[in-house]
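Beneath this line is the structure, given in structure tokens, with notes to follow.
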Amino acid sequence: MFMRIGQRNLFSRAGGRDGHATAQTPLGELTSAGFYDMAIREDGLLPGTLVDTENGWRPVESIRPGDMVMTFDHGRCPVVANRSITLHHDTLPEHKAFVMFVPKSVLGNRSDLLLMPMQEVIIESDTADALYGDPFVLMPSLLLSGYRGIRKRAIRGDITLSMLSFEQEEVLLTQGDMLTLAHADTSLSPLTEALPQPQETFLRLPPEELRGLIDWSAAQGAPGPALGGPGERYRYAAIEARAL
Numbered sequence: 001m002f003m004r005i006g007q008r009n010l011f012s013r014a015g016g017r018d019g020h021a022t023a024q025t026p027l028g029e030l031t032s033a034g035f036y037d038m039a040i041r042e043d044g045l046l047p048g049t050l051v052d053t054e055n056g057w058r059p060v061e062s063i064r065p066g067d068m069v070m071t072f073d074h075g076r077c078p079v080v081a082n083r084s085i086t087l088h089h090d091t092l093p094e095h096k097a098f099v100m101f102v103p104k105s106v107l108g109n110r111s112d113l114l115l116m117p118m119q120e121v122i123i124e125s126d127t128a129d130a131l132y133g134d135p136f137v138l139m140p141s142l143l144l145s146g147y148r149g150i151r152k153r154a155i156r157g158d159i160t161l162s163m164l165s166f167e168q169e170e171v172l173l174t175q176g177d178m179l180t181l182a183h184a185d186t187s188l189s190p191l192t193e194a195l196p197q198p199q200e201t202f203l204r205l206p207p208e209e210l211r212g213l214i215d216w217s218a219a220q221g222a223p224g225p226a227l228g229g230p231g232e233r234y235r236y237a238a239i240e241a242r243a244l
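In the working numbering, the protein residues as written are 1 to 244.
Below, the structure written as structure tokens:
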């Protein structure tokens, strides 16, 4: 039995697989091909983003290979690599030169936070559970634009990303109770096609289906703690339950 992680209210409990047809978002009509041309494709965490480690909360850029990091599925796991990537502002297309601003508490984050548009976060959804048999869904942060103050913020200069990787795909506790995806190291290798690929752990859906899970009628409230995490005691109980 899974404990509640805290983002369940983000999703509508009504509708079916085709419910996305009536869902309207600030991004307008979406197709998979069009969606991935709307933003920078690189993901990773921005400097200062705090990650839960065996030595407490640490900025992602300070984490080194071998450091133990708390994951949603497997408890403490060693980091295989922390790749640093710099994106130069003058090389970015104007329509892609933005990150996502997430106000405090909206996704369980204990302070305001910036995310890359294609950085996937874990959301728990009753609707996804009913339709697909899995309540935990990966959602690029761009799709949450317009939800309780989540919005684009222009990039004014170069930005550096930290890409933590593990033996397999993992979900990390970041900035409090927010759950963000980290890749399997083999998926980031230049030899990816020659290496065995780990099985994906979480449900992935096309953007046009993901947007149908969001209850936009409840999305216009002021930023606040409505979707905040449940606190440390419940958070760790959830991790332990999922790892069993």
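For glycine and all other residues, C-beta sits at the position ideal for the given N, C-alpha and C. Everything numeric in this text was worked out from a predicted model, so none of it was measured.
Coil, strand or helix - residue i by DSSP
i, result
"Phe101", "strand"
"Val171", "strand"
"Thr127", "helix"
"Gly157", "coil"
"Val137", "strand"
"Thr91", "helix"
"Leu142", "helix"
"Leu213", "helix"
"Phe166", "strand"
"Tyr34", "The amino acid at residue 34 is misidentified as Tyr; the sequence shows Gly. DSSP places Gly34 in helix when its eight states are reduced to three."
"Arg83", "strand"
From the options, residue whose alpha carbon lies closest to that of residue i
i, options, result
"Glu61", "Thr53, Leu45 and Val69", "Leu45"
"His88", "Arg148, Gly146, Ile40 and Ile150", "Ile40"
"Ile155", "Phe98, His183 and Glu54", "Phe98"
"Pro207", "Val102, Ile122 and Leu142", "Leu142"
"Val106", "Met118, Leu144 and Asp134", "Leu144"
"Thr53", "Arg153, Asp67, Pro47 and Ile150", "Asp67"
"Arg148", "Ile159, Gly108 and Thr186", "Gly108"
"Gly277", "Pro140, Val137, Thr86 and Phe35", "A query on residue 277 cannot be resolved here, the shown segment of the chain reaching from 1 to 244 and no further."
"Val51", "Leu205, Arg151, Phe72 and Arg153", "Phe72"
"Gly133", "Leu203, Phe35 and Arg58", "Leu203"
"Ile123", "Phe35, Gly34 and Leu181", "Leu181"
"Ile159", "Leu173, Arg58, Pro47 and Met38", "Pro47"
"His183", "Lys152, Val121 and Met38", "Val121"
"Ile150", "Val102, Cys77 and Trp57", "Val102"
"Asp43", "Gln119, Ser125, Arg211 and Ser187", "Gln119"
"Pro140", "Ser125, Asn55, Pro59 and Leu205", "Leu205"
"Pro59", "Leu173, Ser125 and Arg211", "Leu173"
"Gln168", "Phe35, Ile63, Arg153 and Gly75", "Gly75"
Boundaries (first-last residue) of the alpha helix (DSSP H) holding residue i
i, result
"Asp185", "Segment: none, Asp185 is in no alpha helix (DSSP H) and carries neither H nor E."
"Pro207", "Pro207 to Leu210"
Span of the beta strand (DSSP E), counted from its first residue to its last, around residue i
i, result
"Pro78", "Gly75 to Pro78"
"Val69", "Met68 to Thr71"
"Asp52", "Leu50 to Thr53"
"Pro65", "Element bounds for Pro65: n/a, residue is neither H nor E."
"Leu114", "Leu113 to Leu115"
"Gly56", "Gly56 to Pro59"
Residue-chain proximity (residue i, chain D), Cβ-Cβ < 8 Å
i, result
"Gly48", "In the displayed structure, chain D is absent; only one protein chain is listed."
The region 110-118 contacting the region 128-136, beta-carbon criterion three pairs below 8 Å: no
contact_flag[the region 164-173, the region 74-84] where n(CB pairs < 8 Å) is 3 or more: yes
Sufficient close CB pairs (3 or more, under 8 Å) joining the region 89-98 to the region 172-189: no
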